[in-house]
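The listed protein sequences correspond, in order, to chains U and S. When we follow the working numbering, the leftmost residue of the first sequence carries the number 1, and every step to the right adds one. When we follow the working numbering, the leftmost residue of the second sequence carries the number 1001, and every step to the right adds one. Note that the Cβ used here is the ideal one computed from N, Cα and C, for glycine as well. In what follows, a single structure is set out as structure tokens and then discussed.
2 protein chains.
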Amino acid sequence: MFQNRMPRYEILSADAMATLDKGWRKLMTEIGVEFMDDRALDLFRKAGQRVEDRTVFLDPDFVLEQVAKAPGEFDVQARNPEHNIHIGGDSMAFGAVYGPPFVREGDVRRDATMDDFRNFTRLAQSFPVLDSAGGVICEPNDTPLDSRHLDMTYALQTLTDKVYMGNVVSGANAADTLAMTSILFGSREAIEETPATISLINCNSPLRWDDRMLEAQFEYSGAGQPVVLTPFILMGAMSPVTIPAALVQQIVEALSGIALSQLIRPGTPVIFGSFLSNIDMQSGSPTFGTPESGIGLLCTGQIARHFGLPFRTGGGLTSSQVADAQAGYEALMTMLPTFLAGANWVMHSAGWLEGGLVAGYEKFIVDAEILQMLQVEFTPLEIDEESMAFGAHEEVGHGGHFLGAMHTMERFRTCFYRPMLSSSDNYERWLRNGGKDALTRAGEIYKQRLTDYEPPPLDDAIRQELEEYVVRRRAELGD
Amino acid sequence: MFQNRMPRYEILSADAMATLDKGWRKLMTEIGVEFMDDRALDLFRKAGQRVEDRTVFLDPDFVLEQVAKAPGEFDVQARNPEHNIHIGGDSMAFGAVYGPPFVREGDVRRDATMDDFRNFTRLAQSFPVLDSAGGVICEPNDTPLDSRHLDMTYALQTLTDKVYMGNVVSGANAADTLAMTSILFGSREAIEETPATISLINCNSPLRWDDRMLEAQFEYSGAGQPVVLTPFILMGAMSPVTIPAALVQQIVEALSGIALSQLIRPGTPVIFGSFLSNIDMQSGSPTFGTPESGIGLLCTGQIARHFGLPFRTGGGLTSSQVADAQAGYEALMTMLPTFLAGANWVMHSAGWLEGGLVAGYEKFIVDAEILQMLQVEFTPLEIDEESMAFGAHEEVGHGGHFLGAMHTMERFRTCFYRPMLSSSDNYERWLRNGGKDALTRAGEIYKQRLTDYEPPPLDDAIRQELEEYVVRRRAELGD
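See below:
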């Protein structure tokens, strides 16, 4: 997996950090956080926190004590050990888009289906830059609502051999995910020893954790599976419009969720989550790839490191409806700061379109290209005597060219990144090849990838046991 | 003009810098630099440098002595004082694309004309984020080769009131530019006191300065006008394929040109130039927006600061043939590092397409949007008690929304960047509005901008004097 050994780009001064520190402590103490789950309220009450109705007024120092119990780094196992990942430190792990109810291929935008879900899962498997297909890579609207988590989990387990995310729609869904994961990895003990899922627990920002998400959190944290405690903030709607206010709110929300995980099971792995952008103040629409989201992203990294926590942020986000120039620059406007910040767990790394409502096939390819480029760009240069290539200058001389130089011949295959999607064809050649723009070429690439896809091998007995589980549970759920 | 008060992102360690330092000294001493101009060779000879044939074997310490004579920062005046610019320090000045023989509007790619030149100049005037239309914003192929520099300079002087670049095709062209600039600013003394042009002197890399460029350099440096001494390096063709080798070569070329300027006129302003990308090793095509160019860009900033020189690099570069997703991400792949590096003079900031062969109307708008976004993103956050917006939380409470909060109402007009091109319309609204992608919308925007354009006022007597100069010189040149 990718290790980001480049420097972090940090933009908050020590004074700014101190001001934010005072800010989150005040907000946490005086406004507090709502938890819509009695077990959570009980845990906080027993730990000596003041609880009024469903609001917990947390003591910041108590929260930091809980946070300190969480590991700074941890491993997550995949069924193919080559795809195990490490969360934290210099490691960056990338998962595909999560949550869209629609898909787009070419000019067609339509409801996502289970076939789409499987196709995107196959695409994620086929790109080494992706460490995970994610979880709800799209909503398979043609499958029954109550049991689709079984179909999705089965697809993630069988069509990829990478890490996958757990279903969080309810506690029961989480329990199903854990049961299926226990089958895939041999036992519940095996996954409690080294976690095998990552799950996204979103805050109902501002300052409220909802019941269904908390149910899932109890399941996953109880099983020692990492959860990404993620304030879901579109500034102007779910937070004040000022970025510092959003940052402070984000700290309160994330840390309060993390504290709960540590009360559920001390030492259980957590990820400081961030989903931070803003709305268009004229239309109220969510906007992505904005300057404000870029700033928020850089600050989030610095803040998470301050608390010694691995963190999630970034991705290839865009508001654009299609994979056009806007989609290109907005995706990079979030993904480049994601690398500058050194995010450890990056959701929505490929396929995000139209503010997350659409999983785009072509956009998936655009994002994979961007990811590939950035992984090269964020690999430190080796600068030594040999890299100066003095001999090449002796060979070529003034005004000459290096195309045929020995130094070039020895390195030409690997010296530069080789694009998958980007074209540098000269105009005549480009025209001869059909004059295709990046959108058209991306369409060809994803189709070819799906044609070339080969499922990773899986033990027949395990596959059968998974299938039996799905069939049984589907029947129990009445679907 | 834009001040970049954000931290610089520097990726070279002290060890790496020391290795590069040894490298450029060795290359300069042992391989030397060719100057295809006898006056240049004489100046170096008289200054005690070893000259063999046309190659100058420069003493690195002598070169650093010359470099130390150049100002670290300086002003350039525009005919509208509000558009004066400062080169160096935190200042970043942005000019439009430079040099394309072709233009693209929509599906049409064709030879550039003088009308295109004027249109792009008008567009540059209309965007506050651009400090200059640049120079050869496109090659007006419908005007006579010998005198087109007069038409271009006249257009830059009259259709904009911003800083413009000087023609460098020959010493005579440079002299014409200086004469016309002296007319516009009242006298030769006026522009020698505060320079009024910036000119691009490209190296014929590797390690050769050609005669025509040097002729122009003698004119401009002799008149105290800043020149941008720019190694023109596509790694694999004009330099070895290793980035450190390209960086070392870039230092030798830029510093040797800068030393010459200081011999021509000690203290004349210069800019450490960089145009650094790579070729596709399969096709030999130049490629832009690559990971390698991004790395080179970040290093260049650090190196120029090491020598205490203002520097030029970056822009909105792309290999793409059209303003598609590739154009979007490649443009940002160079422009975001341009901001991270804090480049002082940024050419090709708007309109660059197809490896610089095409000035794209729609791409101009894409780039202007990117520039606007980055200028917001690279403005430091104000983090204070008030920005925490504690009162807004008291007003809204848990799970509420901030759309109608007092804090929001007071700030909604200015709190977030308002896009010009990017759309966050929901799908239904986007469809109702024609389902236009960014390319289509950009086409509408540039046409509206041209319709709305108003020429900046110019004194009639000066305009007449400029016109008379152009008419007279055109006749002398036989056109």
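Looking at the structure shown, is residue i part of a helix, part of a strand, or coil, going by DSSP?
i, result
"V1056 of chain S", "strand"
"R474 of chain U", "helix"
"H86 of chain U", "strand"
"P310 of chain U", "coil"
"G1360 of chain S", "strand"
"P93 of chain U", "The displayed chain sequence assigns Ala, not Pro, to residue 93 of chain U. Correct three-state label for A93 of chain U: strand."
"G134 of chain U", "strand"
"S1277 of chain S", "strand"
"E1382 of chain S", "coil"
"L1027 of chain S", "helix"
"M1235 of chain S", "strand"
"M515 of chain U", "The question about residue 515 of chain U has no answer, for chain U in this structure spans 1 to 479."
"D1151 of chain S", "helix"
"T1287 of chain S", "strand"
"D111 of chain U", "strand"
"L1012 of chain S", "coil"
"T440 of chain U", "helix"
"V129 of chain U", "coil"
"T1230 of chain S", "strand"
"Q321 of chain U", "coil"
"Q282 of chain U", "coil"
"R305 of chain U", "helix"
"Y1427 of chain S", "helix"
"V1396 of chain S", "helix"
So, using beta-carbon positions, are residue i and residue j closer together than 8 Å?
i, j, result
"I1445 of chain S", "M1420 of chain S", "yes"
"G99 of chain U", "G356 of chain U", "yes"
"T334 of chain U", "F288 of chain U", "yes"
"E219 of chain U", "A174 of chain U", "yes"
"K363 of chain U", "A323 of chain U", "yes"
"Y427 of chain U", "G1328 of chain S", "no"
"S1529 of chain S", "P1231 of chain S", "As shown, chain S starts at 1001 and ends at 1479. That puts residue 1529 of chain S outside it, with no answer to give."
"S1132 of chain S", "V1163 of chain S", "yes"
"P226 of chain U", "I365 of chain U", "no"
"A359 of chain U", "F94 of chain U", "no"
"F378 of chain U", "A343 of chain U", "no"
"Y469 of chain U", "I183 of chain U", "yes"
"D1059 of chain S", "Q1066 of chain S", "no"
Report the CB separation of residue i from residue j in whole angstroms; it is logged as a contact under 8 Å.
i, j, result
"D1367 of chain S", "A1331 of chain S", "6 Å"
"M347 of chain U", "Y417 of chain U", "In fact, because the Cβ distance is near 24 Å, the residues do not count as touching under 8 Å."
"I1011 of chain S", "C1415 of chain S", "Not confirmed; about 33 Å, so no contact."
"P1240 of chain S", "A389 of chain U", "4 Å"
"H1401 of chain S", "G1391 of chain S", "Not quite, the Cβ-Cβ distance comes to about 16 Å (not below 8 Å), so this is no contact."
"M152 of chain U", "F117 of chain U", "6 Å"
"F1057 of chain S", "G1032 of chain S", "4 Å"
"A196 of chain U", "V103 of chain U", "About 28 Å; that fails the 8 Å criterion."
"E1034 of chain S", "L1207 of chain S", "6 Å"
"M1028 of chain S", "S1256 of chain S", "7 Å"
"E1139 of chain S", "P1081 of chain S", "About 31 Å separates the two Cβ atoms, so there is no contact after all."
Under 8 Å, Cβ to Cβ, is there at least one residue of chain B near residue i?
i, result
"T181 of chain U", "Any reference to chain B falls outside this structure, whose protein chains are U and S."
Next on the checklist: What are the residues in the region 1405 to 1425 of chain S lying within 8 Å of chain U by C-beta distance?
Outcome noted: A1405, H1407, T1408, R1411, F1412, R1413, C1415, F1416, Y1417, R1418, P1419, L1421, S1422, S1423, S1424 and D1425
Checklist entry - What residues from the region 309 to 325 of chain U come within 9 Å of chain S, judged by C-beta to C-beta, listed N to C? => result Those residues of the region 309 to 325 of chain U that come within reach of chain S (Cβ to Cβ, closer than 9 Å) are T318, S319, S320, Q321, V322, A323, D324 and A325.
Checklist entry - According to a CB-to-CB cut-off of less than 7 Å, which residues of the region 237 to 264 of chain U neighbour chain S? => result A237, M238, S239, P240, V241, T242, I243, P244, A245 and V248
Checklist entry - What residues in the region 1359 to 1383 of chain S have a beta carbon less than 9 Å from any beta carbon of chain U? => result Within the region 1359 to 1383 of chain S, the residues whose Cβ lies closer than 9 Å to some Cβ of chain U are E1362, K1363, V1366, E1369, I1370, Q1372, M1373, L1374, Q1375, V1376, E1377, F1378, T1379, P1380, L1381, E1382 and I1383, listed in chain order.
Checklist entry - Listed from N- to C-terminal order along the chain, which residues in the region 1105 to 1117 of chain S have their beta-carbon within a distance smaller than 8 Å of any beta-carbon of chain U? => result R1109
Item to check | Selection of the region 12 to 35 of chain U by Cβ proximity to chain S, strictly under 7 Å | outcome: A16, T19, L20, G23, K26, L27, I31 and E34
Item to check | Sequence ranges, beta strand (DSSP E) only - wholly within the region 32 to 80 of chain U, length at least 3 | outcome: For the region 32 to 80 of chain U, whole beta strand (DSSP E) runs of length 3 or above, ordered along the chain, are 33 to 35, 50 to 52, 55 to 57 and 74 to 76.
Next on the checklist: If we require 4 or more residues per run, which alpha helix (DSSP H) segments fall completely within the region 1179 to 1228 of chain S?
Outcome noted: Listed in chain order, the complete alpha helix (DSSP H) runs (minimum 4 residues) inside the region 1179 to 1228 of chain S are 1188 to 1193 and 1211 to 1222.
Next on the checklist: At a CB distance below 9 Å, what residues from the region 203 to 216 of chain U approach chain S? Give them in sequence order.
Outcome noted: N204, S205, P206, L207, R208 and D210
Checklist entry - Going along the region 123 to 156 of chain U in order, which residues come within less than 9 Å of chain S, judged by CB to CB distance? => result none
Checklist entry - Which residues, in order along the region 1157 to 1175 of chain S, keep a beta-carbon less than 9 Å from a beta-carbon of chain U? => result Listed by position along the chain: nothing, the set is empty.
Item to check | Against chain U: residues of the region 1047 to 1064 of chain S by CB proximity under 9 Å | outcome: R1054 and T1055
Checklist entry - What residues in the region 444 to 474 of chain U bring their beta carbon closer than 9 Å to a beta carbon of chain S? => result none
Next on the checklist: Can you pull out the residues from the region 277 to 292 of chain U whose beta carbon lies closer than 9 Å to at least one beta carbon of chain S?
Outcome noted: N278, I279, D280, M281, Q282, S283, G284, S285, P286, T287, F288, G289, T290, P291 and E292
Item to check | Contacting positions in the region 1066 to 1098 of chain S - beta carbon closer than 8 Å to chain U | outcome: none
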